[in-house]
Amino acid sequence: MQTLDMATTELREVNATLQSQKADTNQRAWEIVNPKGSHAIACGLDGPIEVTVRGSTGYYCGGMNKEATVHIVGSAGPGVAENMMSGTVIIDGDASQYAGATGHGGLLVIKGNASSRCGISMKGIDIVVHGNIGHMSAFMAQSGNLVVLGDAGDALGDSCYEARFFVRGKVKSLGADCEEKEMRPEHIEILKDLLERAGADAKPEEFTRYGSARKLYNFNIDNAAAY
Amino acid sequence: MNDMTKPPLGIPQTAPIKSATFTDPINAEIRRAAATGIYDIRGGGAKRKVPHFDDLLFLGASISRYPLEGYREKCETKVTLGTRFAKNPIELDIPITIAGMSFGALSGPAKEALGRGANAAGTSTTTGDGGMTPEERGHSSKLVYQYLPSRYGMNPDDLRKADAIEVVVGQGAKPGGGGMLLGQKISDRVAEMRNLPKGIDQRSACRHPDWTGPDDLEIKILELREITGWRVPIYIKVAGARPYYDTTLAVKAGADVVVLDGMQGGTAATQDVFIENVGQPTLACIRPAVQALQDMGMHRKVQLIVSGGIRTGADVAKAMALGADAVAIGTAALIALGDNDPRWEAEYNALGTTAGAYDDWHEGKDPAGITTQDPELMARFDPIAGGRRLSNYLKVMTLEAQTIARACGKNHLHNLEPEDMCALTVEASAMSGVPLAGTNWVPGRGGDY
Chain A
1 MQTLDMATTE
11 LREVNATLQS
21 QKADTNQRAW
31 EIVNPKGSHA
41 IACGLDGPIE
51 VTVRGSTGYY
61 CGGMNKEATV
71 HIVGSAGPGV
81 AENMMSGTVI
91 IDGDASQYAG
101 ATGHGGLLVI
111 KGNASSRCGI
121 SMKGIDIVVH
131 GNIGHMSAFM
141 AQSGNLVVLG
151 DAGDALGDSC
161 YEARFFVRGK
171 VKSLGADCEE
181 KEMRPEHIEI
191 LKDLLERAGA
201 DAKPEEFTRY
211 GSARKLYNFN
221 IDNAAAY
Chain B
1001 MNDMTKPPLG
1011 IPQTAPIKSA
1021 TFTDPINAEI
1031 RRAAATGIYD
1041 IRGGGAKRKV
1051 PHFDDLLFLG
1061 ASISRYPLEG
1071 YREKCETKVT
1081 LGTRFAKNPI
1091 ELDIPITIAG
1101 MSFGALSGPA
1111 KEALGRGANA
1121 AGTSTTTGDG
1131 GMTPEERGHS
1141 SKLVYQYLPS
1151 RYGMNPDDLR
1161 KADAIEVVVG
1171 QGAKPGGGGM
1181 LLGQKISDRV
1191 AEMRNLPKGI
1201 DQRSACRHPD
1211 WTGPDDLEIK
1221 ILELREITGW
1231 RVPIYIKVAG
1241 ARPYYDTTLA
1251 VKAGADVVVL
1261 DGMQGGTAAT
1271 QDVFIENVGQ
1281 PTLACIRPAV
1291 QALQDMGMHR
1301 KVQLIVSGGI
1311 RTGADVAKAM
1321 ALGADAVAIG
1331 TAALIALGDN
1341 DPRWEAEYNA
1351 LGTTAGAYDD
1361 WHEGKDPAGI
1371 TTQDPELMAR
1381 FDPIAGGRRL
1391 SNYLKVMTLE
1401 AQTIARACGK
1411 NHLHNLEPED
1421 MCALTVEASA
1431 MSGVPLAGTN
1441 WVPGRGGDY
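Chains as they are written, first to last, in the numbering used here: chain A, 1 to 227; chain B, 1001 to 1449.
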């Protein structure tokens, strides 16, 4: 395993080193020590490497990730794995606001809790939160799956499109145009796979599915109160 | 016996007087709103009359300043954008860029024509809400990639293909507002690029999903630079709302370039009430923005691009004389391509409008085939001929600006200065900081000869 010590190595050098590892690299295992809450650690990665960050991170760790696995042994600041395309980001602790924002693909696993706006504007990413999520999560979520083993805060899935939300605990309130949905066999299968890949000890049958009521897809003055 | 209820013959009557408050257009809008239950959505920028570059004049040379010979003595037009932090600043032959306009709002061939025209004139084009298409990347030698709140189509590969990144915070047509692409224009390809179902109204968020405020923006810019290896310039586009503070905060957040878009700047579609009632005229925005840069010692170090109602070389010269490093055009570029051309008058009439007034771009029925995704209408537009028209227009504007600059004795457009101008109205003088014609007076500042 290669080690990058941020006590002695600048952020630019850390990221440039990791970003230069492409599909055929034989240096696949990397470790970052002393991150000390730095921002934009391991962002823009573009190859099948595994990066372990030993400590907590600032904003946008693992941003726009492609193919890489980034494992944060600590908690993550705002916007972790934002706009992720593929690969996996795992956070052992908690995640701050906007976790997985606008993500297009890949898997984001948060073993603690996620703050507000988790999965905001998600576009295909899968997010599994072992704990709770904050208010306005999955706001304007377009596609992908958000799985929550704990509870969800206010206004879950407000103005969402085709994304699916699976919550095991309580939902404080649903946002505009978000409603409870029937859990069909295909949803059980999706959920089973995601729980397994996220190392989550829960049964798919314990969850409730939510999604768009599709009433706000085209403007209608009679729905003005919902806008 | 006389009928007292009728006025006697030969007595003049009061002429019908229409209200200056309840005008015909206002009344028509009231009736339309009452009938439909929806606010008016349209494209373009503010149509109301506001103080503009027409209210400024150049003084020209005199005994105290001598002019340069037209066509003989050089007047440079090159501009370099992004010199503050980027390894690869953008070098343009002319200081007139093409503003962000999305694939989705515009057809693929229209985007191609913008690229062709800009290339031929030696300038850049800009993507829009909806991501980067291979066509526009292929046809634009210098392409600015917009980083928008919706993040439709955003991905690191395209980010790295860009020659610059423009973080869009606001747009002059709708400061504080998001975008809107109505279902009629959502073709399969547009839907796929935006990860949304076909045929639904696509709303773009009004603020970014993963940052709020200038401190966050600074970190967001750090991330974008880390992903792109600090190679390309980062622009921040702000609407003409609070130009002094917005420019200050954009510079503080680490911008290489500030793009300032006044209320005449166009949009593909938003509410008319927004376009006409929110934001400041372009003319009123430039001096505060330049003042902010000067107060920070960053004028010319962070470049300023001004947009919103730029139509002629005179407008280019006036914006630059007020302190801009370059300008951007959107609406004017579309007109050069063929938008609102009177040759389609019969079809505009059939849509209930007339050439020059057509602004229902969101409906996707553009007779000129530019703001549409309809294959039949799109086929009317030839991207090669359109590109040629745009390059002609850009070159004419450049020549016009050079003509004025030479007359003012300037060997580079950047050397134009406020002292080369006077204002025709008290309002324009106050907004631009240029003295009222025939005086040395700027309202609010006093002044003596």
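From the three backbone atoms N, C-alpha and C, an ideal C-beta is built for every residue, glycine too.
Per DSSP, the bridge partner or partners of GLU1166 (chain B): BP columns for GLU1166 (chain B) point to B:GLN1146 and B:TYR1235.
Start and end residues, beta strand (DSSP E) containing ILE188 (chain A): Counting along the chain, ILE188 (chain A) falls outside any beta strand (DSSP E), though it belongs to the alpha helix (DSSP H) covering 185 to 197.
Option nearest ALA1319 (chain B) by Cα separation, candidates B:GLY1130, B:ASP1188 and B:GLY1433: Ranking the options by Cα distance to ALA1319 (chain B), first place goes to B:GLY1433.
Span of the beta strand (DSSP E), counted from its first residue to its last, around GLU206 (chain A): No beta strand (DSSP E) holds GLU206 (chain A); DSSP gives it neither H nor E.
Alpha-carbon spacing of ASP1055 (chain B) relative to ASP1341 (chain B), whole angstroms: Between the C-alpha atoms of ASP1055 (chain B) and ASP1341 (chain B) there is a straight-line separation of about 27 Å.
Neighbour flag for THR52 (chain A) against chain B, beta carbons, 8 Å: For THR52 (chain A), the answer is no, since every Cβ of chain B falls outside 8 Å of its Cβ.
Same chain, Cβ closer than 7 Å to GLN19 (chain A), neighbours up to 5 away in sequence not counted: GLY44, LEU45 and ASP46
With 16 other Cβ atoms within 10 Å as the buried cut-off, status of ARG1194 (chain B): buried
For ILE90 (chain A), the nearest candidate out of A:ILE72, A:ALA99, A:GLY77 and A:GLU82 (CA to CA): Answer by Cα proximity: A:ILE72.
Endpoints, beta strand (DSSP E) assigned at VAL128 (chain A): 123 to 129
Option in A:GLU162, A:ILE110 and A:ASP193 with minimal Cα separation from ALA138 (chain A): A:GLU162
Near-chain A residues of the region 1358 to 1375 of chain B (beta-carbon distance less than 9 Å), N- to C-terminal order: none
Beta-carbon gap between GLU1401 (chain B) and VAL1316 (chain B) smaller than 8 Å: Looking at the sequence itself, residue 1401 (chain B) is Ala, so the reference to Glu does not match. Taking 8 Å as the Cβ cut-off, ALA1401 (chain B) and VAL1316 (chain B) qualify as a contacting pair.
Contact with chain A by ARG1207 (chain B), beta-carbon distance below 8 Å: no
Secondary structure, beta strand (DSSP E): runs of 3+ residues fully inside the region 1265 to 1333 of chain B: 1303 to 1307 and 1326 to 1329
Anticipated Cβ contact below 8 Å, VAL1302 (chain B) with VAL1232 (chain B), distance rounded: About 15 Å; that fails the 8 Å criterion.
GLY272 (chain A) and LEU149 (chain A) closer than 8 Å at C-beta: There is no way to answer for residue 272 (chain A), as the model of chain A reaches only from 1 to 227.
Contacts of GLY142 (chain A) in chain B (Cβ-Cβ under 7 Å): First, the residue type needs correcting, since residue 142 (chain A) is Gln and not Gly in the sequence shown. Residues of chain B passing the Cβ test: ASN1195 and LEU1196.
Residue interval of the beta strand (DSSP E) (run including HIS1139 (chain B)): Looking at the DSSP string, HIS1139 (chain B) is not in any beta strand (DSSP E); the run it does join, the alpha helix (DSSP H), is 1134 to 1139.
Residue burial classification, GLN142 (chain A) (beta-carbon count within 10 angstroms, cutoff 16): Answer is buried; the Cβ neighbour count reaches 16.
Where LYS215 (chain A) meets chain B, residues with beta-carbon distance less than 9 Å: For LYS215 (chain A), there are no C-beta contacts with chain B under 9 Å, since the nearest C-beta of that chain is about 11 Å from it.
Cross-chain neighbours of ILE221 (chain A) in chain B, by beta carbon under 7 Å: GLY1037 and ILE1038
CA nearest to the CA of ILE125 (chain A), picked from A:ASN26, A:PHE165 and A:SER38: A:PHE165
C-beta atoms of GLY175 (chain A) and GLY153 (chain A) nearer than 8 Å: no
Buried versus exposed call for ALA1324 (chain B) [16 or more other C-beta atoms within 10 Å across all chains shown]: Buried, because 16 or more other Cβ atoms sit within 10 Å of the Cβ of ALA1324 (chain B).
Near-chain B residues of the region 175 to 201 of chain A (beta-carbon distance less than 7 Å), N- to C-terminal order: none
Buried or exposed (CB count within 10 angstroms, at least 16 for buried), THR8 (chain A): exposed
Beta carbon proximity, HIS135 (chain A) to chain B, threshold 8 Å: no
Positions along the region 55 to 83 of chain A whose CB lies within less than 7 Å of some CB in chain B: Listed by position, the residues of the region 55 to 83 of chain A near chain B (Cβ gap below 7 Å) are TYR59, TYR60, GLY63, MET64, LYS66, PRO78, GLY79, GLU82 and ASN83.
Nearest residue (CA-CA) to ALA1355 (chain B), options B:ILE1335, B:ASP1215 and B:ASP1374: Among B:ILE1335, B:ASP1215 and B:ASP1374, the Cα nearest to that of ALA1355 (chain B) belongs to B:ILE1335.
Straight-line gap, VAL1278 (chain B) to MET1263 (chain B) (C-alpha atoms, nearest Å): 7 Å
Chain A contact residues for GLU1223 (chain B), given Cβ-Cβ distances below 9 Å: HIS39, ALA40, CYS43, GLY44, TYR59, TYR60, GLY63, MET64, GLY79 and GLU82
Residues from the region 105 to 133 of chain A in contact with chain B, defined by Cβ distance under 8 Å: ARG117, ILE120, SER121, LYS123 and GLY124
Chain B within 8 Å of TYR161 (chain A), Cβ atoms only: Closer than 8 Å to some Cβ of chain B, the Cβ of TYR161 (chain A) qualifies, so yes.
Candidates B:ALA1268, B:TRP1441 and B:ASP1374, of which the one nearest GLY1172 (chain B) by Cα: B:ALA1268
Candidates A:GLY112, A:TYR59, A:ALA29 and A:ALA200, of which the one nearest ALA101 (chain A) by Cα: Taking only the C-alpha atoms, the option nearest ALA101 (chain A) is A:TYR59.
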